[in-house]
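Have a look at the structure below, then the notes.
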Amino acid sequence: MFGYESDTQEETDIRVALSNLVGPAGLVSMEDGVIGSFVQRAIVGNQGRETVLEMGGRTVESQESRVSEASVRGFWQTYRKYMQL
Amino acid sequence: MSGSTELFHRVRPLYDAYADCIDEERYQEWPDFFEDVCFYQITTREARRKSLPIGIIQCNSKGMLIDRINSMKKANIFEPQRYRHLLGALHVETTEGGTIRTRMGFAIVRIMESGDSMLFLSGVWHDEIVETTEGLRFREKIAVLDSSCVDTLIVVPV
C-alpha cells in the first residue's frame, strides 16, 4: 500500500488500519493464499505443461459449492450474446 | 546483576504461558495476555529496517485482538493447522517505572491436519511488559519476522 507525503497523520493511520484487510494475514484476502496453495498443489505434477481447472464444470447453473466459476462463465456467455460474438 | 536475574525469572514464565496458550489452541485466552490499551503488530525485518508503517497486521486495542480470534473462528476459511513455538533467548533490556522492555527470539513450526510439519516463521518479539493487578501483561508486542515471505497465510496469532 502507498500513501502521499502530504498525508496527515490521521490519513496515514487510516491507511495503516485498512492494511489489516489485505496481505497474508488480511481479514479479507487471507483466503486468496489458500486458493493459490490449493491450485499449486493440484498442478504440481504437470510442470512444463498446461493445466485447466474447470471449477464447477462447464455449465451455468446454481451450484451447491462456492468453489465454482459458474457466475464467471455466465457473465462471459451473456457478454458474448450482447456483443454478438 | 541479581536484580536482573530475578526479573528474568519473572518474565520468562509469561512467554512460556503465551506460547502454551497458542500451541494448545486456547485461542480465546490469547487476548488476555494484553492490556486493554495495547499495540500488537506482526511486521517483517525488512519493513522495520526501512521504518515502513505497514507490516503484516497491527492492532491497537485488546478489542481488535478479540476480533481477530472471532474472525478466525467464525469467518476465515483456511486449512486446519496449529503451531509449536520454539522459544529462543530472552533479553530483558530496560526497566523504567514498572515497564519492562524485552526481546525474545522464536521459531514456529506449523502442523497441518495431514500431519505435515514445516518451519513456518522465525523472528523476534520486541515487547513492552507491565505489571498489573492480574500479573504481567503485554502493553506492546511487535513480532518482527525474519523473512518477508509467508507461506499461504497467518491466521493463528504469533
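From first to last, the protein sequence lines stand for chains A and B. The first sequence: position 84 = 70 (the working numbering), numbered continuously. The second sequence: position 128 = 153 (the working numbering), numbered continuously. Just so it is clear, CB atoms sit at the ideal spot from N, CA and C, and this is done for glycine as well.
Between residue i and chain A, is any beta-carbon pair separated by less than 8 Å?
| i | result |
| --- | --- |
| glutamine 83 of chain B | yes |
| proline 56 of chain B | no |
| threonine 177 of chain B | yes |
| valine 62 of chain B | no |
| phenylalanine 103 of chain B | yes |
| serine 96 of chain B | yes |
Could you confirm whether any beta carbon from chain B is found closer than 8 Å to the beta carbon of residue i?
| i | result |
| --- | --- |
| glycine 60 of chain A | no |
| glutamate -3 of chain A | no |
| glycine 42 of chain A | no |
| valine 20 of chain A | yes |
| serine 51 of chain A | no |
Using the Cα positions of residue i and residue j, report the straight-line distance between them to the nearest angstrom.
| i | j | result |
| --- | --- | --- |
| leucine 112 of chain B | alanine 168 of chain B | 13 Å |
| valine 117 of chain B | isoleucine 82 of chain B | 25 Å |
| tyrosine 43 of chain B | valine 20 of chain A | 27 Å |
| proline 10 of chain A | threonine 30 of chain B | 38 Å |
| phenylalanine 131 of chain B | threonine 64 of chain A | 54 Å |
| alanine 56 of chain A | valine 46 of chain A | 5 Å |
| threonine -6 of chain A | tyrosine 108 of chain B | 39 Å |
| glutamine 33 of chain A | methionine 16 of chain A | 26 Å |
| glutamate 71 of chain B | glutamate 121 of chain B | 29 Å |
| glutamate 40 of chain A | serine 51 of chain A | 13 Å |
| lysine 87 of chain B | glutamine 53 of chain B | 12 Å |
| glutamate 36 of chain A | threonine 119 of chain B | 58 Å |
| aspartate 41 of chain B | isoleucine 154 of chain B | 14 Å |
Would you kindly check if the distance between the Cβ of residue j and the Cβ of residue i is under 8 Å?
| i | j | result |
| --- | --- | --- |
| aspartate 176 of chain B | serine 147 of chain B | no |
| glutamate 49 of chain B | phenylalanine 163 of chain B | no |
| phenylalanine 64 of chain B | glutamate 165 of chain B | yes |
| proline 182 of chain B | glutamate 138 of chain B | no |
| isoleucine 79 of chain B | tryptophan 55 of chain B | no |
| leucine 184 of chain B | phenylalanine 33 of chain B | This structure leaves residue 184 of chain B out entirely; chain B is present only between 26 and 183. |
Where do the N-terminal and C-terminal ends of the alpha helix (DSSP H) with residue i fall, by residue?
| i | result |
| --- | --- |
| aspartate 152 of chain B | Unbroken run through aspartate 152 of chain B is the beta strand (DSSP E), 142 to 157; no alpha helix (DSSP H). |
| leucine 4 of chain A | -5 to 4 |
| glycine 60 of chain A | 56 to 68 |
| methionine 16 of chain A | 16 to 29 |
Residue i lies in the beta strand (DSSP E); which residues open and close that run?
| i | result |
| --- | --- |
| methionine -13 of chain A | Counting along the chain, methionine -13 of chain A falls outside any beta strand (DSSP E), and DSSP gives it neither H nor E. |
| methionine 137 of chain B | 124 to 137 |
| glycine 160 of chain B | 160 to 170 |
>> Please give the ranges of any alpha helix (DSSP H) in the region 87 to 113 of chain B, keeping only runs that are unbroken, at least 4 residues long and fully inside the region.
In response: 87 to 99
>> Could you tell me which whole beta strand (DSSP E) segments of length 3 or greater appear in the region 26 to 95 of chain B?
In response: 59 to 69 and 82 to 84
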